[in-house]
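> Counting in this note's numbering, the sequence shown runs from 189 upward without gaps.
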Amino acid sequence: MTNSLENRSEILQDRFALKTASYLSLSATALPYDISERLRAARVRAVSARKIEVLQTAKSVVNNNGGTAALNWGRDERLSWWGRIGSVLPLVALVVGLLSINSIQNDNRAQEVAEVDSALLTDELPPAAFADPGFLQFLKSSTQVQ
Numbered sequence: 189m190t191n192s193l194e195n196r197s198e199i200l201q202d203r204f205a206l207k208t209a210s211y212l213s214l215s216a217t218a219l220p221y222d223i224s225e226r227l228r229a230a231r232v233r234a235v236s237a238r239k240i241e242v243l244q245t246a247k248s249v250v251n252n253n254g255g256t257a258a259l260n261w262g263r264d265e266r267l268s269w270w271g272r273i274g275s276v277l278p279l280v281a282l283v284v285g286l287l288s289i290n291s292i293q294n295d296n297r298a299q300e301v302a303e304v305d306s307a308l309l310t311d312e313l314p315p316a317a318f319a320d321p322g323f324l325q326f327l328k329s330s331t332q333v334q
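Okay, here's the thing in structure tokens:
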């Protein structure tokens, strides 16, 4: 692509403006003199009042020394101890949070398994009965009868 999308839209706008101006100029010859003079004066005012855009470039946001970006806080010296602690502290908090979430989830899983095991062991039926396909049919038929 030789033209960007912005350039294409500008080209299309310019073409539309030229076509419109040519149609207006052709029909302006049939107008009376006083109306054509008012139109000419209005065109001159519109062109003079047109806002001219000034292209501005953005300033550099990151001071890129040696291909790395660092938090300098406006200083050229290295980070102080407090700056280093402040940079590492969020990472430490993240690791501690992830480890605590993992520990809590493991405890919850172990508690759920213990509840299921205790329910199976305290039940009147032996655990092997639940693995028997005939027993499952018996349970389904007994729940339908009731």
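Heads up, the beta-carbon is just placed ideally off N, CA and C, and yes, glycines get one too.
#1: So what does DSSP say about residue 316, is it helix, strand or coil?
#2: Measuring only the C-alpha atoms, how far is residue 269 from residue 294?
#3: Can you tell me where the alpha helix (DSSP H) holding residue 307 begins and where it ends?
#4: Over the uninterrupted alpha helix (DSSP H) stretch that includes residue 241, give me the two end residues.
#5: Quick check: what's the CA-CA separation for residue 301 versus residue 310?
Short version:
#1: Translated into the one-based positions of the sequence shown, residue 316 becomes position 128. Helix.
#2: In the sequence shown, residue 269 corresponds to position 81, counting from 1. In the sequence shown, residue 294 corresponds to position 106, counting from 1. Looking at the two C-alpha atoms, the distance is approximately 37 Å.
#3: In the sequence shown, counting from the first residue as 1, residue 307 sits at position 119. From DSSP, the alpha helix (DSSP H) with residue 307 extends over 269–310.
#4: As a working note, residue 241 is residue 53 in the sequence shown. From DSSP, residue 241 is part of no alpha helix (DSSP H); its letter is neither H nor E.
#5: Taking the first residue of the sequence shown as 1, we reach residue 301 at position 113. Taking the first residue of the sequence shown as 1, we reach residue 310 at position 122. The straight-line gap from Cα to Cα measures roughly 14 Å.
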